[in-house]
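To keep things clear, I will list the structure first and then write my remarks on it.
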Amino acid sequence: MRSWFKKLGGNRLGFGSLLKVSMVSLAAALALFIGYQPASGQGPSVKAPVNTYKAPRTKDGKPNLNGIWQAMNTANWDLEAHAAGQSMDPKDGAMFAIPPGLSVVVGGSIPYLPAALEKKKQNFANRLKLDPENKCYMGGIPRAHYMGHPFQIIQGGKDMMFVYQYAGAVRTINMGKPIEAPADSWMGQSNGHWEGETLVIDVTSQVEDSWFDRAGDFHSDKLHVVERYTPRSADTLWYEARIEDPKTFSQPWTIRMPLYRHVEENAQILEFKCVEFAEELLYGHLRKPAGAPSVPAQTKGGPGAAKGKGK
Amino acid sequence: MNKQVLHSFLNLGVALAVAAAPAFAQSKYKAPRTPDGVPDIEGVYSNSSNVPLERANNLGAKEFYTPAELTAQAKAAAVPREKAATQVGTVADIHYDVSQFGLGKTVTDAMVNTRTSLIVGPTGKVPPMIAAATKRQQAARALTAGHEMDGPENRGIAERCFYWGGEGPPMMPQGYNSNLQIAQGPGYVAIQQEMIHDVRIIPTDNRAHLDPSIRQWFGNSVGHWEGETLVVDTTNFNDQPALGRGASRDLHVVERFTRTGPETVLYQFTVSDPQTWETSWSGEYPMGKIKGQVYEYACQEGNYGMANILSGARADEKKAAQK
């Protein structure tokens, strides 16, 4: 508890004068004052930030997270520490080589169960075919935040909308009474609330098919993610996601990274539907072989369907 | 019959009596404001509708049904549809049960529309295409004619999960999942359509459109507020705007969103494209607030159909070659 307190910068508060207060209410007071609660198991890789920044408010008094945000790291290549690497096809040269990066995992590594670690290795070996990103599938949470594309937070007075450029993914953050997911989905069910300066989002009911990165890091249908968004300056946020999945990991673990605001004039989310970029990968082997006769159209959508709005 | 649908039909007469004001009349309703002081149009809406885009020929210049006509029509339509939907062995039974899946077109009484077509005006039709546009459309069709099964590029845009036909802009009522969610933040309005989880983020500072070199499936939307109304201007389409109907990359769409009551938004649109039509054309319909949330329609992620269609075609070719 004490080391936890010190990491939060507790020394600066004058510890002696606070000793009379019970430790429980001390923790609560700190959470309110600093607006930031670190996850357990923090390691040397990503230090728990000391955060005393107070964000500008929306008209209704909440920290204002409106903006276009993007991670600036190589987490999508591998959440864990990784050296530079050859591109998947050596013919691609240096342009598509893998950039090196530090771990964004608190503690450095992901606590896989033995069987799950084997599956991760298999995923990595077959990533070109298996990684949902390559098929233009929605990223899921937390991956959608560090895929090399920006996302925009629309924060009005009620529910919030997060819109991701990659694959045009979107999710609504319910800020009212928590809602149980009506069905599993790629972007999950998001229930949010404020803890001081921090937006906390509880994400459940994600399908088991999304991955965490291109290194094959994955999860099961038991995934439960708790995200924390904490403003750390006018143009940066701390992003943290606590990942819990007893079928895949021996204990919960946390990733943490800053998100940066797009400050350039006219910054905006552009269209990256990306299905058209994945068709060769997905269906190339099912194309009509060159020279073979075409099967005549049998569906009502037939001629012209490609240019129309066939359903 | 689903009780909600029945209830909706029975109340039709009452609702019509209340909502019979001409649709083009200026709405007197003053919407509540967002924390930022603009009209609050946030919410989850249905834009489902029984009204066809174009008016049936036999109706001539008749722009509106009378309440009595509409009530009779709705009652007559409901019975065979429900019967077909629950009759074992019919297509309707195998596909979707109208009541079970909540596919009743008029989701709330507030959305009752007396129009005979979504397109306003005496003709109620999309204007005739200019000759060059017809040629362009025929040439595009000729490219894939007889080769519909060759590869994914020759299949329909919706089948490929690029977009659903009615997404627009302009947004058209869908066959199912005709739902959308509007979210507002300072200086922005975001519109998410359930089909296919596509979002337009509209800045309301009336900024310039994107550079003309950037072309997008849904174009580029910019907006501003005119009193109670959000006006959205969209250009920068690629060669296949979701409107379809032969529209070109020069398509220009202006949409207007106006709250007309606690539960309703009047949606109006004007379409112009000198490469396709000699004149512009306009339409309108009411959207009604619904309970619940927009679901995630993961089209690409669940697209088993494309692989099955293509592998089926390859199997057919093999069989044909063996004969």
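Going down the list, the sequences are from chains C and A. The first sequence stops at residue 334 when you use the numbering used here, and every number in between is there. The second sequence stops at residue 309 when you use the numbering used here, and every number in between is there. Using N, Cα and C, we set each Cβ at its ideal position, and we do this for glycine too.
DSSP beta-bridge partners of residue i
| i | result |
| --- | --- |
| L260 (chain C) | C:P254, C:L282 |
| I116 (chain A) | None; I116 (chain A) has no bridge partner. |
| W263 (chain A) | A:M115 |
| T221 (chain A) | A:N206 |
| G124 (chain C) | C:H105 |
| G247 (chain A) | A:T250 |
| F300 (chain C) | Answer by DSSP bridge pairing: none, since F300 (chain C) is not bridged. |
| Y187 (chain C) | C:F174 |
| W234 (chain C) | C:F241 |
| G230 (chain A) | In DSSP, G230 (chain A) forms no bridge with anything. |
| P269 (chain C) | DSSP lists no partner for P269 (chain C). |
| Y160 (chain C) | Note: Y160 (chain C) sits in no beta bridge, so no partner. |
| E212 (chain A) | A:T215 |
Residue i - DSSP class collapsed to helix/strand/coil
| i | result |
| --- | --- |
| H216 (chain C) | strand |
| A94 (chain C) | strand |
| F148 (chain A) | coil |
| A11 (chain A) | Bear in mind that the predicted position of A11 (chain A) carries a pLDDT of just 46, short of 50, making it unreliable; the figure below should be weighed with that in mind. A11 (chain A) falls in the coil class under three-state DSSP. |
| H172 (chain C) | coil |
| K311 (chain C) | coil |
| L55 (chain C) | Caution applies to L55 (chain C), whose pLDDT of 44 falls short of 50 and renders its modelled position unreliable; the value that the coordinates give is listed next. In the structure shown, L55 (chain C) sits in a helix (DSSP, three-state: H, G or I). |
| P138 (chain A) | helix |
| L45 (chain A) | helix |
| D302 (chain A) | helix |
| M273 (chain A) | strand |
| Q314 (chain A) | Because chain A in this structure spans residues -13 to 309, residue 314 (chain A) falls outside the shown range and cannot be described. |
| Y283 (chain A) | coil |
| D184 (chain A) | strand |
| F119 (chain C) | coil |
| S208 (chain C) | strand |
| T130 (chain A) | helix |
| T195 (chain C) | strand |
| L56 (chain A) | helix |
Contacting residues, own chain, Cβ-Cβ under 8 Å from residue i (five flanking each side not counted)
| i | result |
| --- | --- |
| L102 (chain C) | S126, V127, V128, I133, F235, D236, A238, D240, I278 |
| H195 (chain A) | N206, V208, D219, T221, N222 |
| P189 (chain A) | G173, Y174, V208, G209 |
| P114 (chain A) | W263, E264 |
| G142 (chain A) | none |
| A306 (chain A) | none |
Residues of its chain near residue i, where Cβ-Cβ distance is below 7 Å and the 5 sequence neighbours each way are ignored
| i | result |
| --- | --- |
| A106 (chain C) | P123 |
| K85 (chain C) | W217 |
| K77 (chain C) | E220 |
| K16 (chain A) | E214 |
| V290 (chain C) | Note on residue identity: the sequence assigns Ala, not Val, to residue 290 (chain C). Once the five neighbours on either side are set aside, the close Cβ partners of A290 (chain C) are I91. |
| G171 (chain C) | N99 |
| Q274 (chain C) | P134 |
| V47 (chain C) | Its pLDDT being 42, under 50, V47 (chain C) is placed unreliably by the model, and nothing is read from it. |
6 Å Cβ shell around residue i - same chain, five flanking residues per side excluded
| i | result |
| --- | --- |
| G232 (chain A) | M115, A119, Q123, T262 |
| V223 (chain C) | H216, R251 |
| V37 (chain A) | N99, R101, L104 |
| T20 (chain A) | D26, Q170 |
| R194 (chain C) | F185, M210, S213 |
| V24 (chain A) | W211 |
| P227 (chain A) | A233, L237 |
Exercise. Would you list, in chain order, the members of the stretch 46 to 60 of chain A that have their beta-carbon closer than 8 Å to a beta-carbon of chain C?
Key: Listed in sequence order: no entries.
Quiz item: Between the stretch 136 to 163 of chain C and chain A, which residues of the former have CB atoms less than 7 Å from a CB of the latter, in chain order?
Solution: Taking 7 Å as the Cβ-Cβ cut-off against chain A, the residues of the stretch 136 to 163 of chain C that qualify are C159, Y160, M161.
Self-check item: chain A contacts from the stretch 212 to 224 of chain C (Cβ-Cβ distance under 7 Å)
Solution: Of all residues in the stretch 212 to 224 of chain C, none has a Cβ within less than 7 Å of some Cβ in chain A.
Self-check item: the stretch 273 to 290 of chain A: positions lying closer than 9 Å to chain C by Cβ
Solution: So the list reads G278, Q279, V280, Y281, E282, A284, C285, Q286, E287, N289, given in the order they occur along the chain.
Self-check item: Contacting positions in the stretch 188 to 199 of chain A - beta carbon closer than 9 Å to chain C
Solution: Cβ contacts with chain C come from P189, R193, A194, L196.
Quiz prompt | Three CB pairs or more closer than 8 Å across the stretch 307 to 321 of chain C and the stretch 288 to 305 of chain A | solution = As far as the Cβ criterion goes, the stretch 307 to 321 of chain C touches the stretch 288 to 305 of chain A, which means the pair count is three or higher.
Quiz item: Got a sec: which bits of the stretch 241 to 273 of chain A sit with their beta carbon under 7 Å from any beta carbon on chain C, in order along the chain?
Solution: Identification of residues in the stretch 241 to 273 of chain A having a C-beta nearer than 7 Å to some C-beta of chain C yields an empty set.
Quiz item: Any residues in the stretch 274 to 304 of chain C with a beta carbon nearer than 9 Å to a beta carbon of chain A? Which ones, in chain order?
Solution: Residues N289, Q291, I292, L293, E294, K296, C297, V298, E299, A301, E302, E303.
Self-check item: Residues from the stretch 17 to 36 of chain A in contact with chain C, defined by Cβ distance under 7 Å
Solution: Those residues of the stretch 17 to 36 of chain A that come within reach of chain C (Cβ to Cβ, closer than 7 Å) are T20, P21, D22, E28.
Quiz prompt | Against chain A: residues of the stretch 101 to 127 of chain C by CB proximity under 7 Å | solution = Taking 7 Å as the cut-off between beta carbons, none of the residues of the stretch 101 to 127 of chain C comes near chain A.
Quiz prompt | At least 3 beta-carbon pairs within less than 8 Å: the stretch 164 to 175 of chain A vs the stretch 18 to 35 of chain A | solution = With a cut-off of 8 Å, the stretch 18 to 35 of chain A and the stretch 164 to 175 of chain A count as touching, because enough Cβ pairs lie within range.
Quiz item: Looking at C-beta atoms only, is the number of pairs between the stretch 281 to 293 of chain C and the stretch 194 to 209 of chain C that lie closer than 8 Å three or more?
Solution: Counting Cβ pairs under 8 Å, fewer than three are found: no touch.
Self-check item: Proximal residues, the stretch 77 to 97 of chain C versus chain A, C-beta separation under 7 Å
Solution: Cβ contacts with chain A: T81, K82, D83, N89.
Quiz prompt | Cβ-based contacts, 7 Å cut-off: residues of the stretch 158 to 187 of chain A near chain C | solution = For the stretch 158 to 187 of chain A, residues whose beta-carbon sits nearer than 7 Å to a beta-carbon of chain C comprise G161, Q167, A169, Q170, G171, P172, Y174, A176, Q178, H183, D184, V185, I187.
Quiz prompt | contact_flag[the stretch 158 to 165 of chain A, the stretch 246 to 261 of chain C] where n(CB pairs < 8 Å) is 3 or more | solution = The count of Cβ pairs closer than 8 Å, one atom from the stretch 158 to 165 of chain A and one from the stretch 246 to 261 of chain C, stays below three, leaving the stretches out of contact.
Quiz prompt | Cβ contact (3+ pairs, closer than 8 Å) linking the stretch 99 to 107 of chain A and the stretch 35 to 54 of chain A | solution = Counting Cβ pairs under 8 Å, three or more are found: they touch.
Quiz prompt | Members of the stretch 178 to 191 of chain C near chain A, C-beta cut-off 8 Å | solution = Hits within the stretch, in order: Q178, G179, G180, K181, D182, M183, M184, V186, A190, G191.
Practice problem: Name, going along the chain, the residues of the stretch 202 to 233 of chain A whose beta-carbon falls closer than 8 Å to a beta-carbon of chain C. | Solution: Listed by position, the residues of the stretch 202 to 233 of chain A near chain C (Cβ gap below 8 Å) are Q202, W203, F204, Q226, A228, G230.
Quiz item: Is the stretch 157 to 175 of chain C touching the stretch 187 to 196 of chain C in the sense that three or more CB pairs, one from each, lie closer than 8 Å?
Solution: In this structure the stretch 187 to 196 of chain C touches the stretch 157 to 175 of chain C; the number of beta carbon pairs closer than 8 Å is three or more.
Exercise. Kindly confirm or deny that the stretch 130 to 137 of chain A and the stretch 271 to 287 of chain A touch, where touching means at least three C-beta pairs closer than 8 Å.
Key: With a cut-off of 8 Å on Cβ pairs, the stretch 130 to 137 of chain A is not in contact with the stretch 271 to 287 of chain A, counting fewer than three such pairs.
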